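In my numbering, the protein residues as written are 2 to 551.
Listed below in structure tokens is the structure:
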């Protein structure tokens with residue numbers, strides 16, 4: 002696969018502020034922390050499956066202020082923060098708590114490149130936790146609730162004809178004082194509950210588009226038919242509908258190492274088009290990715306074009322030669338093995354210090370013999386799933402838990418879950434959706450399984466990982482510490498061990514705190530830890546012959 006790069010990336014930073022940044026004194030820093038600064042804060046294009054050539058990265062130093070929750074926009078700010086690192090993190094340069102009775106404000110100026118004239122300008126946020134209101138030149142352009150899904154706004158009508166443009170972002174996040182999805186964030190971290198994350202924690206960027214543009218892609222592989230269905234959602238400036246006249250067409254082209262291997266064309270009014278005769282499959286052992294270009298044309302002229310990639314793979318259930326129902330990849334049983342990946346960084350908290358840091362963790366999993374990971378009550382930036390796609394790691398994706406107390410909280414949970422599935426559904430690495438973990442905020446389980454299948458019929462659904470199984474979905478998942486264990490084999494669902502082990506080895510210089518380091522069982526040296534893990538794995542082997550699939 003060709004590594005996708007935006008060819009016209011601009012990074013907007015203030016040269017006079019370059020020397021004013023330094024990370025806060027955190028309790029633990031990674032090797033990548035020294036590489037982080039205002040001019041290179043996550044410079045990679047953040048949406049690797051839908052890349053446009055021109056964009057402007059707004060990561061870097063912003064002004065910030067913490068006020069009372071009900072306060073108006075401040076006239077003076079408290080200092081500088083390095084976006085997109087959370088304000089509670091060392092890499093932000095601030096490392097302050099916010100809390101449910103406070104409001105966090107961000108502000109910065111930017112200029113629109115001269116080459117973007119006569120185009121619409123979109124402002125994108127990878128993620129902001131939790132409730133964000135966005136203003137450009139004093140005009141509200143967006144309001145969003147949800148800490149894990151991307152959102153954007155057309156800011157063209159708020160822009161001044163020339164000169165400096167000002168963006169202000171107002172954020173409120175109740176953390177565990179509220180019922181919203183938040184994962185393991187807590188105001189008073191301890192044990193397996195971690196430091197809260199407030200505000201911008203993924204890349205912020207701008208890009209120019211025409212009045213009619215590609216809003217989203219839907220990529221659905223069918224390996225049995227050797228076909229990929231390419232669906233497109235459109236964005237029409239000034240319109241609440243995406244209806245296009247018949248003069249618009251879409252054209253999709255697949256490439257293998259730069260060689261064109263398939264193409265299709267359809268009227269934009271159609272549901273999409275199909276790329277045929279795609280014979281190379283994606284798997285952990287051979288994570289082959291086709292490159293993809295999709296163009297939107299009006300009367301034969303390109304009005305928008307995006308580049309991306311896709312993988313041809315199928316996740317399903319099927320019986321093995323002994324009659325046990327198994328998890329299957331590409332119609333063959335595949336035992337899935339990997340860690341409970343919580344995605345917390347000591348220096349960046351929710352935000353990895355660099356893209357290479359993300360990739361390093363995943364490469365290490367491959368070297369350890371893993372073929373999957375369960376992304377635990379956190380949703381990552383698209384760049385992580387890109388690396389899983391590229392390196393060949395299957396992903397079970399949890400929904401971040403909330404308390405879900407009351408009808409409004411439950412409506413919000415459902416809305417955020419749907420947005421997450423829509424936002425990340427094109428990644429071949431993601432093979433299972435997990436709406437609930439261990440009964441945390443669990444409700445209406447049967448309905449959520451049905452909804453998840455409705456929103457994405459191409460993947461498996463784990464009704465709940467651990468604790469309260471409702472007998473629905475594609476797998477029966479138990480937790481056993483230290484374990485291992487397996488549920489009894491079932492005729493219509495695969496059985497899996499969603500969590501086990503939990504063994505710890507505190508290493509001096511590598512712990513968040515000097516004492517009370519967590520582990521279901523702790524060890525004092527590498528040899529005893531290794532022996533304990535090997536014993537767990539030896540006890541796991543016979544369970545596979547009893548039907549255990551992961």
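Here a beta-carbon is modelled for each residue, glycine too, at the ideal position from N, C-alpha and C.
Predicted model, so just to flag it, every value in this text is computed and none were measured.
Residue i versus residue j - alpha carbon distance
| i | j | result |
| --- | --- | --- |
| residue 508 | residue 28 | 14 Å |
| residue 317 | residue 331 | 8 Å |
| residue 269 | residue 158 | 27 Å |
| residue 513 | residue 240 | 50 Å |
| residue 234 | residue 352 | 29 Å |
| residue 413 | residue 522 | 37 Å |
| residue 32 | residue 97 | 22 Å |
| residue 539 | residue 312 | 34 Å |
| residue 360 | residue 421 | 22 Å |
| residue 227 | residue 280 | 6 Å |
| residue 180 | residue 444 | 13 Å |
| residue 253 | residue 292 | 11 Å |
| residue 172 | residue 84 | 14 Å |
| residue 382 | residue 186 | 17 Å |
| residue 247 | residue 301 | 12 Å |
| residue 5 | residue 426 | Confidence in residue 5 is poor, its pLDDT being 42 and thus under 50, which makes the residue's placement too unreliable to answer from. |
| residue 534 | residue 245 | 58 Å |
For residue i, the residue or residues it bridges with in DSSP
| i | result |
| --- | --- |
| residue 201 | 129 |
| residue 535 | Bridge partners of residue 535: none, in fact. |
| residue 563 | Residue 563 cannot be examined here, being either before or after the span of the chain that is shown, 2 to 551. |
| residue 110 | 167 |
| residue 136 | 141 and 169 |
| residue 196 | 187 |
| residue 292 | 256 and 310 |
For residue i, three-class secondary structure by DSSP
| i | result |
| --- | --- |
| residue 158 | helix |
| residue 215 | strand |
| residue 36 | helix |
| residue 311 | strand |
| residue 236 | strand |
| residue 302 | strand |
| residue 177 | helix |
| residue 25 | coil |
| residue 115 | helix |
| residue 153 | strand |
| residue 209 | strand |
| residue 121 | strand |
| residue 146 | strand |
| residue 395 | strand |
| residue 55 | strand |
| residue 463 | strand |
| residue 282 | coil |
| residue 549 | strand |
| residue 43 | coil |
Buried/exposed call for residue i, threshold 16 Cβ in 10 Å
| i | result |
| --- | --- |
| residue 482 | exposed |
| residue 617 | Residue 617 lies beyond the range of the chain shown here (2 to 551); nothing can be said about it. |
| residue 205 | buried |
| residue 91 | buried |
| residue 35 | exposed |
| residue 592 | In the structure as shown, the chain begins at 2 and stops at 551. Residue 592 is therefore absent and cannot be evaluated. |
| residue 272 | exposed |
| residue 458 | exposed |
| residue 73 | exposed |
| residue 315 | buried |
| residue 162 | exposed |
| residue 193 | exposed |
| residue 365 | exposed |
| residue 466 | buried |
| residue 278 | exposed |
| residue 178 | exposed |
| residue 450 | buried |
is_contact[residue i, chain D] using C-beta, thresh 7 Å
| i | result |
| --- | --- |
| residue 135 | Protein chains in the displayed structure number just one, and chain D is not present. |
Which ranges would you report for the alpha helix (DSSP H) in the stretch 317-391 if only whole runs of at least 4 residues count? 356-368
Which runs of the beta strand (DSSP E) spanning at least 3 residues fall entirely within the stretch 239-269, listed in chain order? If we require 3 residues or more, the beta strand (DSSP E) runs fully inside the stretch 239-269 come out as 249-257 and 260-268.
At 3 residues or longer, what runs of the beta strand (DSSP E) sit wholly inside the stretch 59-106? 61-69 and 80-84
Threshold first: 4 residues or longer. Then list the alpha helix (DSSP H) segments lying entirely within the stretch 465-546, N to C. 527-545
Entirely enclosed beta strand (DSSP E) segments - the stretch 399-461, minimum 3 residues: 431-435
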